[in-house]
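Novice:
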Amino acid sequence: MKSFLKGLINVKNWKKKTKVTWIIVLVVIAVCIVLSALKPSEADMKAMASEEMQAMIKADEGSSRKRVTVTYNSLIIVNYCSFSTSGAKEVTEKYVGFVGHAFQADEGFGKFAGQMVNYTYRMLGCGENLLHGAKLTLLLTTLSTAIGVVLGTLLALGKISKNKVLSKVCGGYIFFFRGTPLLIQLFVIYYSVPAIFGFAWRDLFAVGDTQAVYKGAFIAALIAYGLNSGAYCAEIVRAAIQSIEKGQHEAAKALGLSYSKTMRLIIIPQSVRRMVPPLCNEFIMMIKDASMVFAISLMDITTISKNIMTSEISYIVFLPALIIYLIITAFFTWIFNAIEKKFSLYE
Amino acid sequence: MDNFEYILETEHVSKNFGSLSVLKDINLKVKKGEVICIIGPSGAGKSTYLRSLNQLEKISSGKIFIKGDLFLHREKDHTVERIDKKTQQKLLLEMGMCFQRFNLFPHKTVLENICLAPIEVKHEDKETVKKEAMELLKKVGLAEKANEFPNRLSGGQQQRVAIARALAMKPEIMLFDEPTSALDPELVGDVLQVMKDLANDGMTMLVVTHEMGFAKEVADRVLFMADGIIAEEGTPDHIFNHPENPRTQSFLRSILNV
Numbered sequence: 066m067k068s069f070l071k072g073l074i075n076v077k078n079w080k081k082k083t084k085v086t087w088i089i090v091l092v093v094i095a096v097c098i099v100l101s102a103l104k105p106s107e108a109d110m111k112a113m114a115s116e117e118m119q120a121m122i123k124a125d126e127g128s129s130r131k132r133v134t135v136t137y138n139s140l141i142i143v144n145y146c147s148f149s150t151s152g153a154k155e156v157t158e159k160y161v162g163f164v165g166h167a168f169q170a171d172e173g174f175g176k177f178a179g180q181m182v183n184y185t186y187r188m189l190g191c192g193e194n195l196l197h198g199a200k201l202t203l204l205l206t207t208l209s210t211a212i213g214v215v216l217g218t219l220l221a222l223g224k225i226s227k228n229k230v231l232s233k234v235c236g237g238y239i240f241f242f243r244g245t246p247l248l249i250q251l252f253v254i255y256y257s258v259p260a261i262f263g264f265a266w267r268d269l270f271a272v273g274d275t276q277a278v279y280k281g282a283f284i285a286a287l288i289a290y291g292l293n294s295g296a297y298c299a300e301i302v303r304a305a306i307q308s309i310e311k312g313q314h315e316a317a318k319a320l321g322l323s324y325s326k327t328m329r330l331i332i333i334p335q336s337v338r339r340m341v342p343p344l345c346n347e348f349i350m351m352i353k354d355a356s357m358v359f360a361i362s363l364m365d366i367t368t369i370s371k372n373i374m375t376s377e378i379s380y381i382v383f384l385p386a387l388i389i390y391l392i393i394t395a396f397f398t399w400i401f402n403a404i405e406k407k408f409s410l411y412e
Numbered sequence: 005m006d007n008f009e010y011i012l013e014t015e016h017v018s019k020n021f022g023s024l025s026v027l028k029d030i031n032l033k034v035k036k037g038e039v040i041c042i043i044g045p046s047g048a049g050k051s052t053y054l055r056s057l058n059q060l061e062k063i064s065s066g067k068i069f070i071k072g073d074l075f076l077h078r079e080k081d082h083t084v085e086r087i088d089k090k091t092q093q094k095l096l097l098e099m100g101m102c103f104q105r106f107n108l109f110p111h112k113t114v115l116e117n118i119c120l121a122p123i124e125v126k127h128e129d130k131e132t133v134k135k136e137a138m139e140l141l142k143k144v145g146l147a148e149k150a151n152e153f154p155n156r157l158s159g160g161q162q163q164r165v166a167i168a169r170a171l172a173m174k175p176e177i178m179l180f181d182e183p184t185s186a187l188d189p190e191l192v193g194d195v196l197q198v199m200k201d202l203a204n205d206g207m208t209m210l211v212v213t214h215e216m217g218f219a220k221e222v223a224d225r226v227l228f229m230a231d232g233i234i235a236e237e238g239t240p241d242h243i244f245n246h247p248e249n250p251r252t253q254s255f256l257r258s259i260l261n262v
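Going down the list, the protein sequences come from chains P and D.
Each residue of the first sequence is one higher than the last, beginning at 66 in the working numbering.
Each residue of the second sequence is one higher than the last, beginning at 5 in the working numbering.
#1: Is there a Cβ of chain D sitting closer than 8 Å to that of Leu344/P, yes or no?
#2: In the DSSP output, which residue or residues are listed as bridge partners for Cys146/P?
#3: Would a C-beta distance cut-off of 8 Å place Ser258/D and His214/D closer than the cut-off?
#4: Contact criterion: CB-CB distance below 8 Å. Does Glu193/P meet it with respect to chain D?
#5: Return the CA-CA distance between Gly281/P and Thr275/P, expressed in angstroms with no decimal places.
#6: Would you call the CB atoms of Arg251/D and Thr239/D closer than 8 Å?
#7: Fully enclosed by the region 82 to 151 of chain D, which beta strand (DSSP E) runs are 3 residues long or longer?
#8: Measure the alpha-carbon distance for Tyr184/P versus Ile141/P and round it to whole angstroms.
#9: Just reading off the alpha helix (DSSP H) that Thr83/P is part of, what are its end residues?
#10: If you draw a straight line from the alpha carbon of Lys35/D to that of Gly72/D, how long is it in whole angstroms?
#11: Any contact between the region 321 to 332 of chain P and the region 237 to 252 of chain P? By contact I mean 3 or more CB pairs, one from each, below 8 Å.
#12: Decide if the region 155 to 173 of chain P is in contact with the region 204 to 218 of chain P; the criterion is three or more beta carbon pairs, one per stretch, under 8 Å apart.
#13: Beta-carbon separation of Leu330/P and Glu15/D under 8 Å?
#14: If we count the other Cβ atoms within 10 Å of its Cβ and call it buried at 16 or more, is His111/D buried or exposed?
#15: Could you spell out where the beta strand (DSSP E) holding Asn155/D opens and where it closes?
#16: What does Glu315/P touch in chain D if you count any residue whose Cβ is under 9 Å from its own?
#17: Given a threshold of 16 other Cβ atoms within 10 Å of its Cβ, counted over all protein chains shown, does Lys19/D qualify as buried or as exposed?
#18: Quick one: is Glu98/D near chain P, going by C-beta distance under 8 Å?
#19: Which class does Ile122/P belong to by DSSP, given the choice of helix, strand or coil?
#20: Return the first residue and the last residue of the beta strand (DSSP E) that Asp181/D is part of.
#21: Less than 8 Å between the CB atoms is what I'm expecting for Phe168/P and Glu158/P, so what's the real figure, rounded?
#22: Using only the alpha-carbon positions, how far apart do Glu248/D and Val192/D sit?
#23: Once you ignore the five residues that flank Tyr186/P on each side, which residues in its own chain have a CB closer than 6 Å to its CB?
#24: Within its chain, find whatever has a CB closer than 8 Å to the CB of Ser308/P; leave out the 5 residues flanking it on each side and keep chain order.
#25: Using a Cβ cut-off of 8 Å (strictly closer), state whether His111/D contacts chain P.
#26: Find the residues of chain P that neighbour Ala168/D, judging by a C-beta separation of less than 8 Å, and give them in chain order.
#27: Just grab the DSSP bridge partners of Cys41/D for me.
#28: Can you tell me where the alpha helix (DSSP H) holding Gln307/P begins and where it ends?
#29: Between the region 173 to 189 of chain D and chain P, which residues of the former have a C-beta closer than 9 Å to a C-beta of the latter?
#30: I want to see whether chain P comes within less than 8 Å of Gln197/D, judged by CB atoms only; does it?
#31: List, in order along the chain, the chain D residues whose C-beta lies closer than 9 Å to that of Gln335/P?
#32: Report the neighbours of Ile331/P on chain D: residues whose CB is nearer than 7 Å to its CB, in chain order.
#33: Might you give, ordered along the chain, the residues of its own chain that have their beta carbon closer than 6 Å to the beta carbon of Lys80/D, omitting 5 neighbours on each side?
#34: Going by DSSP, name the residue or residues bridged to Gln169/P.
#35: At 9 Å on the CB atoms, spell out the chain P contacts of Leu141/D, in chain order.
#36: Taking only the alpha-carbon atoms, compute the straight-line gap between Lys80/P and Phe163/P and give it to the nearest angstrom.
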């Protein structure tokens, strides 16, 4: 780990490609910083509304029933502001702010850009709690893969152990979770298990907690995804362990190392490198599989985009969803590739 | 402590793979300091015999004694003497082994390879082990490679590290399973030299080998194995110059005419 960090900091030893990548990343960040400094402020955007709208907003102040809904979204370099009235006469005004200017966004390209900013903002879960949008996807994926790796290692060791009962139990577990659809597993954990044992997932949290339903659903999803991921990780770990040459076991045995020490010091450290590529794959599969939580009403990227589609009858809403998923997976692929390279030192 | 006649003794050792009988009733007595070379055609059971000595292969029946103590006993009808696990482990550590394919641990440096077992199995002091390991590396002529990874070394160097690794456990018997068979011809010499030095230091050695020159020069006794039995045994002079068994004769003729 220490040498890994050292390698990161030691710029002289970097390859040209790494340097170029970092220069590009830094330039993009610098441009974003400049553009975000140049974009109109929130007050500027809110001042964009027409006189008629301004009058209505002013009238709303002090009254308990608001007629105008003001939405303001900011997405690093772009921001978006919309004013809409409810009631007999519906009027909406939309504006997109970019590099010191605010553009009308009621039709044409402006409308498209405004929608994109607004949808992306909502899908990322900006301004909402932790269990919202992309944050939910990332949290669920990371935690459940972590559970999966730990569980999978234990299952793999169980499956290849000489104890026949243990081996059969672990094999059966893997067979069950790989042989049934994840969505049904999710339903079973979320609906059937509480029904059988007479509890509700939201009971895990305090009575007054308004988010209890979501938190409960999140726990259920975490269990379902963790158990499922465990089965897949187990096969990855088992294959990696069994791909280590028999000679390594023999050498360790001839030196008098016990089975557990052989596994811990010789076999598993060597198999870790072979696990990295398929585990990366598993993690990325998990990011995409996490979209199934829409079935238990957790507010992830997929659920939000589906909600936007039905409420606003906007069919382009899935484009930003795709892009968000793509950016997340690209980011993790990049990280995993770096890890893989570091592990290939001795092979 | 040292009141044993033979350092290694096998009685009626047999091994079957299913219905195929690989070792048939092998009896051998080895004195301390003896160097024994085992030669024979492939499939004769040479490696299997060597590997069954330190439990890498399970024997079907027979007894193995190490330093006069019973190390392994197995009978087909399972009427066996129970052997204390601790004694068995202690006796196992009296044997060091070198493999055809070296089997160094690729994720550890040369020094770590050598230090691993003394630290993890014998729980010896790390600094002492390191010092001893460096001395062993000097002995095999690889002190400057201590911090390299095994894949940076040539086959001959790897095998010498493997020998040092086995020696670090201070065994009384060294088992060599075709130590030079996977090496390029020009690398064989260094490894054989290390083994000769070891023999001169009085190490008890069992060597499965195809290096007839080595066997002639170093061995005290040569065993010729064929079809799971020791077909002939004797001094190198006897085996190589006056073989009696027709199988030995034909084997030697075939390899010396290459």
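Every residue, glycine too, gets a C-beta built ideally from N, C-alpha and C.
Specialist: Working from what's here:
#1: no
#2: Tyr137/P and Tyr160/P
#3: no
#4: Chain D contact via Cβ: absent.
#5: 11 Å
#6: no
#7: 99 to 102
#8: 14 Å
#9: Here the alpha helix (DSSP H) through Thr83/P covers Lys81 to Leu103.
#10: Inter-residue distance for Lys35/D and Gly72/D is about 11 Å (C-alpha atoms, whole angstroms).
#11: No, the region 321 to 332 of chain P is not in contact with the region 237 to 252 of chain P.
#12: no
#13: No, the pair does not count as a contact, with Cβ atoms beyond the cut-off.
#14: By the Cβ neighbour-count rule, His111/D is buried, with 16 or more other Cβ atoms within 10 Å of its own.
#15: That residue, Asn155/D, is in no beta strand (DSSP E); it is neither H nor E in DSSP.
#16: Within 9 Å Cβ-Cβ: Arg55, Leu60, Met101, Phe103 and Asn107.
#17: buried
#18: no
#19: Helix.
#20: Ile177 to Asp181
#21: Phe168/P to Glu158/P, Cβ: 12 Å. No contact.
#22: 30 Å
#23: Taking Tyr186/P as the centre and dropping the five residues before and after it, the same chain places the C-beta of Asn138 and Leu140 closer than 6 Å to its C-beta, in chain order.
#24: Ser336 and Arg339
#25: yes
#26: Result: empty, since nearest Cβ-Cβ is about 12 Å, beyond 8 Å.
#27: The partner list for Cys41/D (beta bridge, DSSP) reads Val211/D and Val226/D.
#28: Ala277 to Gln307
#29: Met173 and Leu179
#30: no
#31: Phe109, Pro110 and His111
#32: Phe109
#33: Ser65, listed in sequence order.
#34: Tyr160/P
#35: Within chain P, no residue comes near Leu141/D; the closest Cβ sits about 17 Å away, beyond 9 Å.
#36: 37 Å
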